[in-house]
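Novice:
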Amino acid sequence: MLELVISTVTQGLIFALLSYGVYITYKILDFPDLTVDGSFPLGAAVTAVMLVNGYNPFFTLVVAAVVGALAGFCTGFIHVKLNVRDLLAGIITMTALFSINLQIAGSNLAVGRNVDTIFTNPLVNGLLGNMPLLYRKLIVSLFLALIVKLILDFYFKTKNGLLLRAVGDNDALVTTLAKDKGWVKILGLVIANSLVALAGAVVCHEQRSFAATMGTGQIVFGLATVIIGTTLFRKMSFVKGTTAVLIGSIVYKICIQIAISLGLPPNLLKLITAVLFLAILVIGNMEKGMVRKGA
Amino acid sequence: MLELKDICKVYNPGSVNEMCLFDKFNLTVDQGSFVSIVGSNGSGKTSMLNIICGSIPIDSGEVRISGKNMNGKKDFERYRTIGRVYQNPSMGTCPHMTILENMSLADNKGKSFGLSHGINGKRIAFYQEQLAILGLGLENKLDVLVGALSGGQRQAVSLIMATMTPLDFLILDEHTAALDPKTAELIMELTGKIVKEKHLTTMMVTHNLRYAAEYGDRLIMMDKGRIVLDKAGAEKDATSVEDILHLFNTISIECGN
Chain P
0 MLELVISTVT QGLIFALLSY GVYITYKILD FPDLTVDGSF PLGAAVTAVM LVNGYNPFFT
60 LVVAAVVGAL AGFCTGFIHV KLNVRDLLAG IITMTALFSI NLQIAGSNLA VGRNVDTIFT
120 NPLVNGLLGN MPLLYRKLIV SLFLALIVKL ILDFYFKTKN GLLLRAVGDN DALVTTLAKD
180 KGWVKILGLV IANSLVALAG AVVCHEQRSF AATMGTGQIV FGLATVIIGT TLFRKMSFVK
240 GTTAVLIGSI VYKICIQIAI SLGLPPNLLK LITAVLFLAI LVIGNMEKGM VRKGA
Chain W
0 MLELKDICKV YNPGSVNEMC LFDKFNLTVD QGSFVSIVGS NGSGKTSMLN IICGSIPIDS
60 GEVRISGKNM NGKKDFERYR TIGRVYQNPS MGTCPHMTIL ENMSLADNKG KSFGLSHGIN
120 GKRIAFYQEQ LAILGLGLEN KLDVLVGALS GGQRQAVSLI MATMTPLDFL ILDEHTAALD
180 PKTAELIMEL TGKIVKEKHL TTMMVTHNLR YAAEYGDRLI MMDKGRIVLD KAGAEKDATS
240 VEDILHLFNT ISIECGN
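From first to last, the protein sequence lines are chains P and W.
Mapping of the first sequence onto numbering that gives the first Met the number 0: residues 0 to 294, in sequence order.
Mapping of the second sequence onto numbering that gives the first Met the number 0: residues 0 to 256, in sequence order.
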């Protein structure tokens, strides 16, 4: 039982990396970015190939983040410079990435048991002693989720971070501040998708595999966690957005695990996610409507 | 100084809706002058502002600001030395950011937005001093989200933000039109005060003929992309609201309105 709880929380922590990315596009930029379904497996594909070829496990994270950034750049470029609608720009990149991911990995790819990952390697083993793998996974994931959160919190307080928030809030203002709003949006997509690919990379380390279809529905998962997180802490304005989505991600994974434990067939998971997500959106809209009427 | 030289602008060229708005339009605004612009809807006032700011392209002609040719410069490049307050109070601020964050953004206009801390603690006193000019008590509400402010308060903040950095000129695009009469009066008084204090070259489009007559040192009336009235200095001072209204009505009758 305890093991199940720990592995579920670990999942929540790993996927929080993806949630941060979706938080940036959906909440800050107001951009429904479907690239996520492609950049998540992209990170995993790159990681799987590199691990199989004996690269340093930590180095794979850096490379995954960089290729994810490229994917975000593509979507941004298509949207901003080629004037394609936000949803379509994401769909185009996502579709292209499906083939690209298969090109990178060859096919679905498994990483052998003997290969070092970020959870099992001399450095982590040395630091954490002979702790069981389950706990090592928890601690490494917690470390990653927190360090990325702190970096983002710092970034949002910088001048550049303020500008990123401004472009989602009121892009006309960014123009009058003598900044090209298009490039600011592209930058946001770059950061978001590098985080999503990073999540894909960590998942690949954790599962020791890449599957071409592992991206399906990740955007809906991301949106759900962002909305759960921000709704939970709506009344507490002192809670940072990144903290909210981190908790949202863990809460979501726990809910799903409970549903599976109660006998929900895993094949129905995505259906349930979609229905839940719709329900959250509708409730959110109804609340917004009430506020508008009240105003 | 702003110069518009032989500006030509045709909307929807080649279609049945083709409409020639400007045909060799010329206007020069001197350094330090405050120009009020009136005219009916569709007379080209806002189009002219958008042409100056680069938001809409021109077919031919030249826009020069402080002697520099602006043709080919994108809108965001031109805004480096142009401040603009829009009709809609939400256009000039970020509603989900605090007053302090909004002020910090405006303060950094024209500089690089790098990875240094977004809010400069040393500047807070300056922001408070600027906000105090408004007399709305906003200097004590720096951590309040701008979205929680009323339209008038937001427009006042927009005005401060638009004029925070050194400008070649300030553009006011019907900036009191969405406000109730009392608030509009307040914003207009503040505008006069700020323009005077900072010696800003200003172009103000307004539908309020009284403001047009009272404020500024030059009055322009536009109709169908042409300037039909242009009075400056003493000549403008001698022009009353009634005179403007009379000309306005004459034009409107010609149009069949």
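Where a beta carbon is used, it is the ideal one built from N, C-alpha and C, also for glycine.
Here the structure is a predicted model, which means the values were calculated and not measured.
For Gly160/P, return the contacting residues in chain W, with the cut-off set at a CB-CB distance below 7 Å.
Specialist: The answer, in chain order, is Gly117.
Novice: In the DSSP output, which residue or residues are listed as bridge partners for Cys19/W?
Specialist: Partner(s): Val9/W.
Novice: Would you please verify whether the beta carbon of Ala64/P is less than 8 Å from any beta carbon of chain W?
Specialist: No, Ala64/P does not count as interfacial toward chain W.
Novice: Among Phe118/P, Ile185/P, Asn52/P and Phe276/P, whose alpha-carbon lies nearest the alpha-carbon of Leu81/P?
Specialist: Answer by Cα proximity: Ile185/P.
Novice: Which first and last residues belong to the alpha helix (DSSP H) in which Gly257/W is found?
Specialist: Outside the displayed span of chain W (0 to 256) sits residue 257/W, for which this structure offers no information.
Novice: Just to confirm before moving on: does the CB-CB distance between Gly117/W and Thr242/P stay below 8 Å?
Specialist: No, the Cβ-Cβ distance between Gly117/W and Thr242/P is not below 8 Å.
Novice: Does Asp302/P have its Cβ less than 8 Å from a Cβ in chain W?
Specialist: No answer is possible for residue 302/P: the residues shown for chain P start at 0 and end at 294.
Novice: Report the start-end ranges of each alpha helix (DSSP H) in the stretch 223-282 of chain P that is 4 residues or longer and not cut off at the edges.
Specialist: Correct list: 240-260.
Novice: Whole angstroms is fine: what's the gap from Lys292/P's alpha carbon to Val35/P's?
Specialist: Because Lys292/P sits at a pLDDT of 44, beneath the cut-off of 50, its placement in the model cannot be relied upon, and the point is left open.
Novice: Starting from Ala171/P, find everything on chain W with Cβ-Cβ shorter than 7 Å and list it in chain order.
Specialist: Correct list: Met90.
Novice: Let me know if Tyr126/W comes out buried or exposed under the rule of 16 or more other beta-carbons within 10 Å of its beta-carbon.
Specialist: With 16 or more Cβ atoms within 10 Å of its Cβ, Tyr126/W is classed as buried.
Novice: Near Met187/W, what residues of its chain come up, given a Cβ to Cβ distance below 6 Å and the 5 sequence neighbours on each side ignored?
Specialist: Correct list, in chain order: Thr175 and Tyr210.
Novice: Using CA atoms only, rank isn't needed, just tell me which of Gly262/P, Leu3/P, Thr46/P and Val123/P is closest to Asn107/P.
Specialist: Asn107/P has its Cα closest to that of Thr46/P, out of Gly262/P, Leu3/P, Thr46/P and Val123/P.
Novice: Give me the chain P residues within the contact set of Lys108/W, using Cβ-Cβ distance strictly less than 7 Å, ordered along the chain.
Specialist: Within chain P, the residues near Lys108/W are Leu176 and Ala177.
Novice: Using a threshold of 7 Å, is the CB atom of Asp179/W nearer than that to any non-hydrogen atom of the ligand NAP?
Specialist: The model on display carries no ligand, and the ligand NAP is accordingly not part of it.
Novice: Counting Cβ pairs, one atom from each stretch, are 3 or more of them under 8 Å apart for the stretch 247-264 of chain P and the stretch 219-228 of chain P?
Specialist: Touching, yes, given that three or more Cβ pairs across the two stretches are closer than 8 Å.
Novice: Quick check on the DSSP output: the beta strand (DSSP E) that includes Gly38/W runs from which residue to which?
Specialist: Here the beta strand (DSSP E) through Gly38/W covers Phe33 to Gly38.
Novice: Going along chain W, which residues have a C-beta under 8 Å from Asp168/P?
Specialist: Residues of chain W passing the Cβ test: Cys93, Pro94, His95 and Met96.
Novice: Between Leu137/W, Asn107/W, Asn119/W and Asp58/W, which has its C-alpha nearest Ile98/W's C-alpha?
Specialist: Cα-wise, what sits closest to Ile98/W is Leu137/W.
Novice: Which of helix, strand or coil does DSSP assign to Ala176/W?
Specialist: Three-state result, Ala176/W: coil.
Novice: Which of the residues in the stretch 223-235 of chain P, read from start to end, lie with their CB under 7 Å from any CB of chain W?
Specialist: So the list is empty, because no residue satisfies the distance condition.
Novice: Determine the direct distance from the alpha carbon of Val156/W to that of Leu245/P, and round the result to whole angstroms.
Specialist: Cα to Cα, Leu245/P sits roughly 35 Å from Val156/W.
Novice: Buried or exposed, going by whether 16 or more other CB atoms sit within 10 Å of the CB of His204/P?
Specialist: Buried.
Novice: Which chain P residues sit within Cβ distance under 7 Å of Asp74/W?
Specialist: Correct list: Thr174.
Novice: For Val28/W, name the three-state secondary structure that DSSP assigns.
Specialist: Strand at Val28/W.
Novice: Check each residue of the stretch 173-198 of chain W: if its Cβ is closer than 9 Å to any Cβ of chain P, include it; give the result in chain order.
Specialist: Here the close residues number zero.
Novice: Assuming Leu127/P contacts Ile138/P (C-beta within less than 8 Å), just tell me the rounded distance between them.
Specialist: Yes, they are in contact, since the Cβ atoms of Leu127/P and Ile138/P sit about 6 Å apart, within 8 Å.
Novice: In chain order, which continuous runs of the beta strand (DSSP E) of length 3 or greater are located wholly inside the stretch 192-254 of chain W?
Specialist: The qualifying runs are 201-204, 217-222 and 225-231.
Novice: Sort Pro40/P, Asn124/P, Phe39/P and Leu141/P by Cα distance to Ile5/P and report the nearest one.
Specialist: Taking only the C-alpha atoms, the option nearest Ile5/P is Leu141/P.
Novice: How big is the Cα-Cα spacing for Arg84/P and Thr24/P?
Specialist: When rounded, the distance between both Cα atoms is 14 Å.
Novice: Any idea which residues DSSP pairs Glu2/W with across the strands?
Specialist: DSSP, once it has assigned bridges, lists Thr27/W and Arg63/W as partnering Glu2/W.
Novice: With DSSP run on the structure shown, which of helix, strand or coil describes Thr164/W?
Specialist: If DSSP states are grouped into helix, strand and coil, Thr164/W belongs with coil.
Novice: So Gly215/W contacts chain P; which residues on that side make the cut at Cβ distance below 7 Å?
Specialist: Here the premise fails: no neighbours, minimum Cβ distance about 22 Å.
Novice: With burial defined as no fewer than 16 other Cβ atoms inside 10 Å of the residue's Cβ, what is the status of Ala223/P: buried or exposed?
Specialist: Ala223/P should be labelled buried.
Novice: With a CB to CB cut of under 8 Å and the five nearest residues on each side skipped, what residues in its chain are close to Asp172/W?
Specialist: Around Asp172/W: Thr45, Leu48, Arg83, Val84, Tyr85, Gln86 and Val204.
Novice: Who does Leu144/W pair with in a DSSP beta bridge?
Specialist: In DSSP, Leu144/W forms a bridge with Thr97/W.
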